[in-house]
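K.L.:
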Amino acid sequence: MRRGMDEREYQRRKDAFQALLDLAPAAREQRLAAIAATDAQLADALRRQLRGAASTLPLLDRVGDEAALPEIAHYRLVRELGRGGMGRVWLAERRLGDAVQPVALKRILHGAWTTEDRRRFERERRILAGLAHPNIAALVDGGTDADGAPYLATVYVDGERIDRHAERDRLDAQARVRLVAKVAAAVAHAHRSLVVHRDLKPANILVDRQGEPKLLDFGIARLLGEDAITTTGSSQMTLRYAAPEQVRGEAELHGGASDIYSLGVLLYELLAGGSPYGASREQASLLAAILETTPSPPSRARHLGGVDADLDAIVLKALRKRPQERYESADAFADDLLRWLRREPVAARRGERGYHARAFVRRRWPWIAAAALVMALVGYHVATLDAQLRRVGLERDKAQALAGYFGELFKEARPADTERGEISARELLERSVDRLRKDGAKAPSTRATLLLAANDALAHLGQHRAGQVAVDAALGLLEAMPAPDPALLARAHAERASNHYKLADLAGARREIARAVELLDGVDDPDLVLTVQQQDAIYADDAGEHAQAQATYRRILEIARARLDTPEGLRSYLAAQSNLALSELRDDPARGEARLRDALTVEARHGPADRAVVLPIKSYLARTLVNQGRLVQARPLHEEVLREARAHYGRDDPWLDVIGYHYATLAMLDGRAKEAIDMLDASIARRPRPPPDTDTAGWSNLAHRASAALAHGDWSDAVARFGPVLAWRERLGRGEGPAARFDRAQLAYAQCRADPGEETRAALAASLAHAGGWSGWAAWKSREFLPACERALAAR
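Numbering-wise, my numbering comes out as the position in the sequence shown, counting from 1, plus 1415.
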């Protein structure tokens, strides 16, 4: 923006330029002449801007001329997707090595952009970098092209506008409401990140081939609380979707309320087939309607069946003229839409006399009508109930025994002991295991169930050796029974496998899980089958049998996909999809990333799932972005995951260390090595020093701490730290694995920097001979080692 040009003048010029671009040459000249008659200065500015744009745009009769296309490293522009007043959007291919990713690339027209445009563009990139949601098109990259024009690339959404999708597929009212609820949830996510979109309309919401809406174009979004660089005016967004406060220039006073209003307009149009303001497109009439006219209920348009009074109330609440009378948040709007979908009373009608009673009868009339039938069938149920109770008896006895077991367990903890810190949960559990092994009063299957419960509790405390004692005792009881329950026996073998795995005994884990798989053949327990198959795939993957592991993960996905409405089915789907993603990341990072994003989308659609399941997926996604070198996009996601993990897990939970480990990788790579060191030192301090060889996580932290020293330029410290780590890998028989070879390359690089010479350079070059087997950040970071070593050698 030129110095002295205010926001309204800037927007006026931008709108005029966009209108001129869409005209044929003759009509364009006529329009410029009309502008010149009233504002010669504006006409001159527009002519200069058009000449600047034409200097880099292909002529209409040379559209296929590739030389006219912008040149951007790592990108091939495929075709134009659209254009606006100051820029164009292209479908492009992003190439990183052998990976090709389709993206939507937005670029300001060379010759048209100003310092103010650059500030807007940088703000849009900053906003997108901070948003990670399955219904928001994610930022991939950003920078400047060969001409110095700024660009940003987002995930390409192969889809169509939400309104056209709804009409083409003839979606019913429920399907349309479901789409808008997902968009509202995405808007709520942006609001929680202090971002207001300010331009919600059908053109900025595409529905992809899986039927998922994606929110696009944060070009005029606003970060709440930032210093204003614009004066909000209605011309900044499409007027038809503007809120009254935007028309009055007061949107900044009301936070995200304008986005809720725009969502209300969108939903109204999807349900009524037309605008809440009628068909008029004349600006003065539209402004008056936005400010003064109360829309009629969308049901009166009779465009769709199923639009009832509750849905009318939801839409009209979102469209109230006063921001404080709308929904208090986009979350509240989305929640009310979900209530409507579940046929529950809606908040928009709260306070209406008799509403809840009418809603109860209307929504539950099938159950009320069935009451008489139930009474007639009571005699039959009495006859069958006794048999059901007999079948349930064993489970009831086990549940009662479990309750009694934990009651007795904590009776043993005298208050004086716990106050002095003389007894811990671990000690109580270990005592209980000893007592259960000797208790002959309870049935063997009940004792086995209780022992497995104790193992589960000990595993959560990281006490896998003590847990193994409990599992071994449970297996001894079960195998001594003449006809043990195969499902319970399989579960015991799976628990034993898990303990072996946590104790770094992969061979033992695979042996036990194979027995569990064998026992479950023909058992009708889908949840247990999914759990055991998941373990089987993880262990195969760790053993290097990636094809077998991936095939198992795909089988799990097929089973779990039909059970997404159950907690265990959803949990298994998310775990399999994320584990398969991690397995595929070595060879196809883009596919792995797509799987992780799918897992988050499924969780948003069918969840919420346990945070202990979702947080690792988000962490893996951030790690995937880091491994692809997309640090700008990874950082806000990593920070979000770290905040949520600290709130969810607590300071001493092992999973917090895992998430911190991956965050430390990002910190090392984007120049914050001291922050990585501090985080890793805190994690290391919580573990025994040195860790036992079975503590893989502890040793991994030590290896990462050596890498952090390297990133910080502490060459001698890095040399000293890599030695014990490599010795540990040798003791485990993994001295020739990819991780060990990368550690040796890092050690050789540290030695070259600490003592530059031909000998240390040759040792580094030899260690890099194995770089072809490395993936992720190790692959691209290691390419810097030899040039940096040679520069140090030359400067000696």
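We put the beta carbon where it would ideally sit given N, CA and C, even for glycine.
Bear in mind that the values here come from a model prediction, so they are computed numbers and not experimental data.
(1) Judging by CA-CA distance, which residue of V1730, R1741, L1484, D1951 is the nearest neighbour of A1561?
(2) Per DSSP, what are the beta-bridge partners of D1623 in this structure?
(3) For the alpha helix (DSSP H) holding W1755, just list the boundary residues, first then last.
(4) For A2112 and V2073, I'd like the C-alpha separation in whole angstroms.
(5) Taking A2049 and V2041 to be in contact with their CB atoms under 8 Å, please state how far apart those CB atoms are, rounded to whole angstroms.
(6) How about S2034 and H2077: are their beta carbons less than 8 Å apart?
(7) With R2198 as the anchor, note down where its beta strand (DSSP E) starts and where it stops.
(8) So, is D2002 buried or exposed, given that buried needs 16 or more other C-beta atoms within 10 angstroms?
(9) Is it buried or exposed for V2096, if we count other Cβ within 10 angstroms and need 16 for buried?
(10) What residues in its chain sit with their C-beta under 6 Å from that of Q1963, if we drop five residues either side in the sequence?
(11) In three-state terms, what does DSSP make of E1665?
(12) Give me the Cα-Cα distance between S1993 and A1605, rounded to the nearest whole angstrom.
(13) Apart from the five residues just before and just after L2011, which ones in its own chain have a Cβ nearer than 7 Å to its Cβ?
(14) Count the other CB atoms, across all protein chains shown, that sit within 10 Å of the CB of R1494; report buried if there are 16 or more and exposed otherwise.
(15) Figure out for me which residue from A1458, A1449, D1632, F2157 has the closest Cα to the Cα of R1498.
(16) Grab me the residues of L1892's own chain with a C-beta within less than 6 Å of its C-beta, minus the 5 sequence neighbours each way, in chain order.
(17) Where DSSP assigns a beta bridge to G1505, which residues make up the other side?
(18) Considering Cα atoms alone, identify which of P2153, Y1692, R1758 is closest to L1734.
(19) What does the alpha-carbon distance come out to for the pair V1680 and H1908?
(20) For D2085 and D2170, I'd like the C-alpha separation in whole angstroms.
(21) If you draw a straight line from the alpha carbon of S2190 to that of Q2161, how long is it in whole angstroms?
(22) Any heavy atom of the ligand MG closer than 7 Å to the beta-carbon of A1458?
(23) Please list, in chain order, all residues of the same chain as A1596 whose beta carbon is under 8 Å from its beta carbon, the five residues on each side excluded.
(24) Identify every run of the alpha helix (DSSP H) within the stretch 2154-2202, keeping only runs that are complete inside it and at least 4 residues long; order them along the chain.
(25) When DSSP builds the beta bridges, which residues end up paired with A1699?
(26) Considering only their Cβ atoms, is the gap separating R1540 from G1557 smaller than 8 Å?
(27) What three-state label does DSSP hand I1644 in the structure shown?
(28) Shortest alpha-carbon distance to A2207 belongs to which of R1765, R2168, G2152?
(29) For A1898, which three-state DSSP category applies?
(30) Could you give the residue range of the alpha helix (DSSP H) that holds D1725?
(31) Over what stretch of residues does the beta strand (DSSP E) that includes P1628 continue unbroken?
(32) What separation, rounded to the nearest whole angstrom, lies between the Cα atoms of V1504 and D1939?
(33) A1888 by DSSP, collapsed to three states: which one?
(34) What is the C-beta distance between H1580 and V1611, in whole angstroms, given that I count them as a contact (C-beta under 8 Å)?
(35) Suppose you measure from the CA of A1601 to the CA of Y1676; what does that come to, to the nearest Å?
(36) With distance defined between alpha-carbon atoms, name the residue in L1465, P1982, V1947 nearest to Y1968.
P.N.:
Put simply:
(1) As a working note, residue 1561 is residue 146 in the sequence shown. Put simply, of V1730, R1741, L1484, D1951 the residue whose alpha carbon is nearest the alpha carbon of A1561 is L1484.
(2) On the sequence shown, residue 1623 is found 208 positions in, with the first residue counted as 1. Answer by DSSP bridge pairing, in chain order: G1574.
(3) Numbered from its first residue, the sequence shown carries residue 1755 at position 340. Residues 1745-1756.
(4) Against the sequence shown, residue 2112 aligns to sequence position 697. Against the sequence shown, residue 2073 aligns to sequence position 658. Straight-line Cα distance between these residues: approximately 8 Å.
(5) Here residue 2049 refers to the residue found at position 634 of the sequence shown. Here residue 2041 refers to the residue found at position 626 of the sequence shown. That pair is a contact at about 5 Å.
(6) The residue labelled residue 2034 in the question sits at position 619 within the sequence shown. The residue labelled residue 2077 in the question sits at position 662 within the sequence shown. It is a contact, given that the beta carbons lie within the stated cut-off.
(7) Your numbering for residue 2198 matches position 783 in the sequence shown. Note, R2198: premise wrong, no beta strand (DSSP E); not H, not E.
(8) For the purposes of this step, residue 2002 is taken as residue 587 along the sequence shown, with counting starting at 1. By the neighbour-count criterion, in which a residue is buried when 16 or more other Cβ atoms sit within 10 angstroms of its Cβ, D2002 is exposed.
(9) Residue numbering aside, residue 2096 sits at position 681 when the sequence shown is read from its first letter. Correcting the residue type first, residue 2096 is Asp in the shown sequence and not Val. Burial check for D2096: the Cβ neighbour count within 10 Å stays below 16, so the residue is exposed.
(10) Against the sequence shown, residue 1963 aligns to sequence position 548. Around Q1963: A1955.
(11) The residue you call residue 1665 lines up with position 250 of the sequence shown. Three-state DSSP puts E1665 in coil, outside helix and strand.
(12) Walking along the sequence shown from the start, residue 1993 turns up at place 578. Walking along the sequence shown from the start, residue 1605 turns up at place 190. If I take the Cα positions, the gap works out to 24 Å.
(13) Taking the sequence shown and counting its residues from 1, one reaches residue 2011 at position 596. Closer than 7 Å at the Cβ level, and outside the excluded window around L2011, lie S1993, A1996, I2032, Y2035, L2036, T2039.
(14) One-based indexing of the sequence shown puts residue 1494 at position 79. It is exposed - the Cβ of R1494 has fewer than 16 other Cβ atoms within 10 Å.
(15) What you label residue 1498 is simply residue 83 of the sequence shown in a count that begins at 1. Nearest neighbour of R1498 by Cα position, chosen from A1458, A1449, D1632, F2157, turns out to be D1632.
(16) Against the sequence shown, residue 1892 aligns to sequence position 477. Apart from sequence neighbours up to five positions away, the residues of its chain that approach L1892 with a beta-carbon distance below 6 Å are P1859, R1862, A1863, ordered along the chain.
(17) Taking the first residue of the sequence shown as 1, we reach residue 1505 at position 90. A quick correction: the sequence has Trp, not Gly, at residue 1505. DSSP output for W1505 lists E1495, L1520 as bridge partner(s).
(18) As a working note, residue 1734 is residue 319 in the sequence shown. A check of alpha carbon separations from L1734 across P2153, Y1692, R1758 identifies Y1692 as the nearest.
(19) Here residue 1680 refers to the residue found at position 265 of the sequence shown. Here residue 1908 refers to the residue found at position 493 of the sequence shown. So the alpha carbons of these two residues sit roughly 57 Å apart.
(20) For the purposes of this step, residue 2085 is identified with residue 670 of the sequence shown, where counting begins at 1. For the purposes of this step, residue 2170 is identified with residue 755 of the sequence shown, where counting begins at 1. If I take the Cα positions, the gap works out to 26 Å.
(21) In the sequence shown, the residue the question calls residue 2190 occupies position 775. In the sequence shown, the residue the question calls residue 2161 occupies position 746. Approximately 15 Å between the Cα atoms of the pair.
(22) The ligand MG is absent from the structure shown, which contains no ligands of any kind.
(23) Within the sequence shown, the letter at position 181 stands for residue 1596. For A1596, where only same-chain residues beyond five positions count, the Cβ hits under 8 Å are A1749, L1752, L1753, L1756.
(24) Those alpha helix (DSSP H) runs which fall completely within the stretch 2154-2202 and span 4+ residues are 2173-2182, 2192-2197.
(25) Residue numbering aside, residue 1699 sits at position 284 when the sequence shown is read from its first letter. DSSP, once it has assigned bridges, lists no residue as partnering A1699.
(26) Within the sequence shown, residue 1557 is the residue found at index 142, counting from 1. Within the sequence shown, residue 1540 is the residue found at index 125, counting from 1. Taking 8 Å as the cut-off, the Cβ atoms of G1557 and R1540 count as close.
(27) Counted from its first residue, the sequence shown places residue 1644 at position 229. Note that I1644 scores 33 on pLDDT, short of 50, meaning its location in the model is unreliable and no value can be drawn from it.
(28) Start at 1 with the first residue of the sequence shown, and residue 2207 comes out as number 792. Out of R1765, R2168, G2152, the CA that lies nearest to the CA of A2207 is found in R2168.
(29) Here the question's residue 1898 lines up with position 483 in the sequence shown. Here A1898 sits in coil by DSSP.
(30) Along the sequence shown, one-based indexing puts residue 1725 at 310. Where D1725 is concerned, the enclosing alpha helix (DSSP H) stretches over 1724-1733.
(31) Residue numbering aside, residue 1628 sits at position 213 when the sequence shown is read from its first letter. Per DSSP, the continuous beta strand (DSSP E) segment holding P1628 begins and ends at 1628-1630.
(32) Translated into positions along the sequence shown, residue 1504 becomes position 89. Translated into positions along the sequence shown, residue 1939 becomes position 524. About 53 Å.
(33) Walking along the sequence shown from the start, residue 1888 turns up at place 473. Secondary structure at A1888: helix, using DSSP grouped into helix, strand and coil.
(34) Taking the sequence shown and counting its residues from 1, one reaches residue 1580 at position 165. Taking the sequence shown and counting its residues from 1, one reaches residue 1611 at position 196. The C-beta distance from H1580 to V1611 rounds to 25 Å, too long to fall under 8 Å, and the pair is not in contact.
(35) Along the sequence shown, one-based indexing puts residue 1601 at 186. Along the sequence shown, one-based indexing puts residue 1676 at 261. Approximately 15 Å, taken between the alpha carbons.
(36) Taking the sequence shown and counting its residues from 1, one reaches residue 1968 at position 553. Closest in C-alpha terms to Y1968, from the list L1465, P1982, V1947, comes V1947.
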